[in-house]
Amino acid sequence: MSSTDRRPVHVGGELLASRASGGLVHLSVLAPGIGERFRPGTAVAVSVGHPVSRSRLARRSYWIHEVKPVGGRGLAVGLVVEPRGAGSRWLAEAPVGTPLELTGPLGRPFALPQEPVACLLVAEEYAAAPIFPLALRLRERGCAVTLLLGARDEAHLMSALEARRTARAVTVVTADGSVGRAGRTADALPEALASSGAEVVYAAGPTALLHAVAAAAEDHGAWSQVALEVPSPCATGLCFGCQVPVVGEAGTPRSARACVDGPVLRGDRVRWADL
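If you want the working numbering, it's the 1-based position in the sequence shown plus 1451.
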């Protein structure tokens, strides 16, 4: 992808469908010009709130879960929302047909291996949204894909059925044991790494899990990429409000902007202790 192609576009979209599934809400949003540029790991920023009061709410960024054509109207992007704040609740409760202002796709996507290799994908709850299209792209390249999927409970777990259609092997972990193994996703990492023989590990989820994945991958001798969820107020790189402490190529500490330089970063490059 050229540097020109990576620039996000600002478009007017429309909420086409909204479906609640447990504690998550799946949205289909008409986003002409964004779906065409989508790569797994990129996001879209959505202006939320009633137009009169919108100035009091910052834009929210959501992982793009899927892209589908809408007959004669362009491409729609699929988003997964957990209603837990004013902005996400507004979006989750918005009626079908609501016009939306969108900016995207944002940031750098997951890098794909040049050759078919064994890959482990690790994700929790709604943050698993970008992992599913990534698994499909990896399979298209002949990679053996293993998925470790976690959540606090079944209501907040992304579809285990979809996961089994996407990956060669799937391990499901929930904290309360309502589905799959009981426990923490991070505790299942050593076994997943050993059984998958992964050379590359991809992860999306809370910071503690991403840190655990980066450390476990390094111990295993694998290369890791982590998708960080950092609030991106402007979503264009101009405000520097989404800085992430990293180690530069020369080994010196510096900052990366999550919305432009990320949100996907090498796990061994993030200065986790400084987050």
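Glycine residues also receive a C-beta, built at the ideal position from the N, C-alpha and C atoms.
Checklist entry - What is the rounded straight-line gap between the Cα of GLN1471 and the Cα of ALA1701? => result Per the sequence presented here, residue 1471 reads as Ala, with Gln not at that position. Cα-Cα distance, rounded: 47 Å.
Item to check | Residue from VAL1681, GLY1558 and PRO1550 whose Cα sits closest to the Cα of ARG1488 | outcome: GLY1558
Item to check | Stretch pair the region 1632 to 1645 + the region 1608 to 1616: three plus CB contacts closer than 8 Å | outcome: no
Next on the checklist: Can you tell me whether ARG1705 is helix, strand or coil according to DSSP?
Outcome noted: strand
Next on the checklist: Helix, strand or coil for PRO1584? Go by DSSP, reduced to three states.
Outcome noted: helix
Next on the checklist: Taking the straight line between their C-alpha atoms, what separation do you get for GLY1486 and LYS1519?
Outcome noted: 8 Å
Item to check | Any 3 or more C-beta pairs closer than 8 Å across the region 1688 to 1708 and the region 1659 to 1674 | outcome: no
Checklist entry - What are the boundary residues of the beta strand (DSSP E) that LEU1553 is part of? => result 1550 to 1557
Next on the checklist: Per the DSSP calculation, ALA1639 is bridged to which residue(s)?
Outcome noted: ALA1639 is not bridged to any residue.
Checklist entry - Which two residues bound the contiguous alpha helix (DSSP H) that contains HIS1671? => result 1658 to 1671
Item to check | Given THR1658 as reference, the closest of VAL1715, VAL1621, GLU1517 and LEU1644 once Cα atoms are compared | outcome: VAL1715
Checklist entry - What residues are listed by DSSP as bridge partners for HIS1477? => result ARG1470 and VAL1531
Item to check | Rounded Cβ spacing between ALA1580 and VAL1531 (contact assumed at less than 8 Å) | outcome: 4 Å
Checklist entry - GLU1544 lies in the alpha helix (DSSP H); which residues open and close that run? => result 1537 to 1544
Item to check | Same chain only: Cβ atoms within 7 Å of TRP1541, ignoring 5 sequence neighbours per side | outcome: VAL1499 and GLY1500
Checklist entry - If you count every other CB in all the chains shown that lies within 10 Å of the CB of LEU1726, and 16 or more means buried, which is it? => result exposed
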